[in-house]
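Structure first, commentary second.
Number of protein chains: 2
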Amino acid sequence: MVRWQPDARDRLERAAIELFQEQGFAATTVPEITARAGLTTRTFHRHFADKREVLFGAVEEMPELATRMIIDAPAAQEPMTVILEGLRMVAVTRFEGRRDDLRLRREIVRSDAGLRERNLHKWSTLSEAIRAGFIARGLPATRAALLAETAVTLLHVSFDEWLDRDDDSSLFQIIENTRDLLREAIA
Amino acid sequence: MVRWQPDARDRLERAAIELFQEQGFAATTVPEITARAGLTTRTFHRHFADKREVLFGAVEEMPELATRMIIDAPAAQEPMTVILEGLRMVAVTRFEGRRDDLRLRREIVRSDAGLRERNLHKWSTLSEAIRAGFIARGLPATRAALLAETAVTLLHVSFDEWLDRDDDSSLFQIIENTRDLLREAIA
DNA sequence: AGCCTGATGACATGCCATGTCATCACGAGC
DNA sequence: GCTCGTGATGACATGGCATGTCATCAGGCT
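Residue numbers (our numbering), protein chains in the order written: chain A, 1 to 187; chain D, 188 to 374.
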C-alpha cells in the first residue's frame, strides 16, 4: 500500500516549501513544484487536495488524537482538566522541539491570505474534534462547543507567543500562563 | 461615486444566493450568476474578490466598528466589560431581527468547505480588530490576543445556539449565559 | 458644449483542479 | 518462474476561476 507514496509525497512537500520560500506562495505554480520533485501535476493532486494543503500535512492526525484522548480520559475529570492534559500531550509530542520548522511554516502561512484561511480551518478542525469528544462524554452541545473553542484559543494564543519568544520556555508553561490570564480576565 | 454600484452589487448578491440555493455553491458558475444579474464576469470580480465573498458582504464593517468601540470605551472599564458592551451593540444592530436571513446564509456556508474556510476568516478578522483595539488601549500583546479570541468565541458559540433555537431568546441573553458557562468551566 | 471620472463590457490569458485512460513496478498465487 | 492483480504514476484533456488591458458609456463639473 505504500510503495512510491512516502517518497513522492515527501519530495513534493520539500520542493513546495523551498519554492514558497524562494518566490512566495502565490508566485509558485504547481507545475514548478512537480518539476522540481520530478513528478507531474496530476500526481501532486493525488497527494494534496490543493496547493495550500502541502503546508499542513504535519498536523493531519491531531484531531482524531484529540477526540480519542478526551473520550479515554477518566470520567471523574473536570473538562478543563481533560483539556489541559490533552494540550500538554499535544505540546510535547507535536510542537516541542520543532520550533524552527514551525516558525518557517508560520512565516509562509502569514504571507498569503489563502494560507491564513486554510490555517484557520485546521484549527477549526481541531476544535470540532474536541467538541465531538465532549459530546461523546455527554456534555450539552453549547457547553462542548464552548470548551472546544476555548481549548483551541488557549493553544493558538500560547503557540503564537511561544514562536515569538527566543528564550527556552516550554509551550505548556505558556499555555498554563494563558489559562491564568483568561481566568483573571473573565472573573 | 456610487452610480451603478449599489444596484449592480445588490443584483449580483441576490442572484448568487438564489443560485446557490437552487444548485449548490460549487455547481454554480460565476457566468451563471452574472447572466442572471444581467452583468458580466469581469464586473462580478470588481465587486467581489472571489466567488465566496458574495456571501459575506453583510459583515464587512464589523471589524472597524469593533476597534473603534473598544478604543472609545471609558478608560476605567475592565476589558471584559468592554467586550460585553461591544457584543451587545453588535448583537442588536447586526444580528437581532435578521435570524432567517442569517440561517439561510449559514446553511449555504455549511454546505461547502471553501465557504466554511472563508467564514472562519471573517470571524478571525473580527478577532484581529478586537485585538488591535486592546493593543491601542495599552494591553500586552498576548493578553489582547486572548481577550479578542475569547470575545469571538463567545459571539460565535452563542450565535450558533441562537440560530439553532426556535424560541425568541435574544442573542445577547445567550451571550451572557455562555459567558457564565465559560466562567464556571475555567474556575 | 465639452471634458473628466468612474463603472461596465469585451477580449484574452494563466493557472488550478479534476476526470479519464494507459503504463509500469511490485507482490501473490499457481 | 510466469501470469495476473493492485496501486501509483504519466499523459492528455477540460472547465472554471481570477485577473490584466482596453474600449465604451453615462453622468457631473466647468
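For each residue, glycine too, the CB sits at the ideal point set by N, CA and C.
Asked: Collapsed DSSP secondary structure at Thr29 (chain A) in the structure displayed; Found: coil
Asked: Residues of the segment 73-86 of chain A with Cβ closer than 7 angstroms to any Cβ of chain D, in chain order; Found: Pro79, Met80
Asked: Three-state class that DSSP yields for Gln173 (chain A) in the structure shown; Found: helix
Asked: Any C-beta of chain D under 8 angstroms from that of Thr43 (chain A); Found: no
Asked: Contact check, Ala16 (chain A) vs Val54 (chain A), beta carbons under 8 angstroms; Found: yes
Asked: Rounded separation between Ile71 (chain A) and Phe134 (chain A) - CA only; Found: 7 angstroms
Asked: Where Pro218 (chain D) falls, given that 16 or more other Cβ within 10 Å makes a residue buried; Found: exposed
Asked: Beta-carbon proximity check, Leu146 (chain A) vs Ile175 (chain A), cutoff 8 angstroms; Found: no
Asked: Status (buried if at least 16 other CB within 10 Å, exposed otherwise) for Met188 (chain D); Found: Per-residue confidence for Met188 (chain D) stands at a pLDDT of 40, beneath the threshold of 50, marking its modelled position as unreliable; no derived number is given.
Asked: Helix, strand or coil at Asp367 (chain D) [DSSP, three-state]; Found: helix
Asked: Alpha-carbon spacing of His156 (chain A) relative to Ser169 (chain A), whole angstroms; Found: 16 angstroms
Asked: Neighbour flag for His343 (chain D) against chain A, beta carbons, 8 angstroms; Found: yes
Asked: Integer Cβ distance of Leu369 (chain D) from Thr150 (chain A), believed to fall under 8 angstroms; Found: 6 angstroms
Asked: Interface residues of chain A facing Ile322 (chain D) [CB-CB closer than 7 angstroms]; Found: Simply none; closest approach about 14 angstroms.
Asked: Interface flag, Leu126 (chain A) vs chain D, CB-CB below 8 angstroms; Found: no
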